[in-house]
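The working numbering numbers the first residue of the sequence shown as 191 and each following residue consecutively.
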Amino acid sequence: MSKPLLLALCLALLAPACADPAVDEDPVDEPALTADELAALPAGADDPEHALAHLVEGPAVDDGAAFDDELPAPFVDVEVVDDGAPRFAALLASGLHPRASDALRAAGVAAWRITQTIGDAPASAGYHAADGTVNGRAYCAATDLSVRGLTAAQIHNLLERLARGGFAAWYRKDGVDGWRGADHVHVVYANARMKSQLRAQVRAFLVGRNGLVSNTLYRWHDFSDAAVRAVKAKFAASASGTSNGGAGVPARINTAGAPLTVRAGASAATAAVGAVADGAYVVIRCQRRGQTVNGTYGASSLWDKLDGGYVADAYVATGSDGQVAPTCP
Ligand SMILES: [Zn+2]
């Protein structure tokens, strides 16, 4: 079977899955891919992400020096108000989430390097279909970047910077790490609502895998712990890719076993409105003082407001005994 024919067949089989991006209701981080997520990955190893990857590229600029060192520029990650104006001029007219645009800008990526955001080619639907709309513009959490003119060392630095800015990132090099196709960098911005295929890719990144059908260990670049932590924190801020809320402080539940009860107010005397699993990554929207609770981290009167209600801060790893989020109104 010819490659194009094989590819067309795979894409035909993939189409129904692409048209119905399922929403994962479980915001708990699950680093290992589930069977469903693996099943959601397209069949066929030729070019599972985007068979027709490349949009028209703008004029290339020699920006290699921008990626010559390992020091990441401080990245910008601002709250997105759906009806408000973005804080910075968008890199592209459309296709990028505003936070991803800012983070790419902070990483030193110019617009001309962006070769694909929303792929309108049917072949790209699985990964580069629109994920949603922010500020009235459609976006895709996945973006392809040209590596034109960059040395291997510069690409290593680019990957590191992208990850520290919150992108799950891979250099797709023909014949390496399971990739067959044009050389490029594929990134998924972790702090945005995204389709299930992309959530699976972020989870694959967090456990050092290539995010392709094979999902083998990714070997071309060894990301620093800081870079992986940055992506994990951004993924938590989007409730594992299910929310565009964005703003908030990522944290992790630590009860040493039992689920933590979510309360209607800042006291165990208020109604239980839910529970969150030990080890779950959560986003704290705000905090307030309430009943003092003795927990994993000692005694504290702080309560953390999650999207569903309040949990005792004494059971939440925030990196601080003090207040880390704004006071609840
Ligand atoms: Zn891609």
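Beta carbons are placed, not taken as given, at the ideal position from N, Cα and C, and that holds for glycine.
Note that the coordinates shown come from a computational prediction; the quantities given were computed from them, not determined experimentally.
- Remark: C-beta atoms of residue 390 and residue 333 do not approach each other more closely than 8 Å.
- Residue 439 is bridged by DSSP to 474.
- Under a 10 Å Cβ-count criterion, residue 409 is classified as exposed, with fewer than 16 other Cβ atoms of the shown protein chains found around its own Cβ.
- The beta-carbon distance between residue 466 and residue 501, rounded to whole angstroms, is 7 Å. This is short enough to meet the 8 Å contact definition.
- Distances from the CB of residue 344 to the heavy atoms of ligand 1 are all 7 Å or more.
- For residue 387, the enclosing alpha helix (DSSP H) covers residues 386-396.
- Annotation: the region 273-350 contains the following complete segments of the beta strand (DSSP E) (minimum length 3 residues), in chain order: 304-306, 322-324, 327-329 and 332-335.
- Between residue 257 and residue 348 the beta-carbon gap is near 5 Å, inside 8 Å, which marks them as a contact.
- Annotation for residue 508: 441 and 514 place their beta carbon closer than 6 Å to its own, counting only its chain and skipping 5 residues before and after.
- With respect to residue 320, residue 308 sits close: the two C-beta atoms are nearer than 8 Å.
- Between residue 388 and residue 398, the CB-CB gap reaches or exceeds 8 Å.
- In this structure residue 400 is buried. Its beta-carbon is surrounded by 16 or more other beta-carbon atoms within 10 angstroms.
- Look at residue 505 here: in three-state DSSP terms it is helix.
- DSSP, reduced to helix, strand and coil, places residue 415 within a helical segment of the structure shown.
- Residue pairing for residue 358: DSSP places it in a beta bridge opposite 378.
- Per DSSP, residue 448 lies in no beta strand (DSSP E) and is assigned neither H nor E.
- For residue 251, the number of other beta carbons within 10 angstroms of its own is below 16, and it is reported as exposed.
- Cβ atoms of residue 454 and residue 445 stay farther apart than 8 Å, at about 19 Å.
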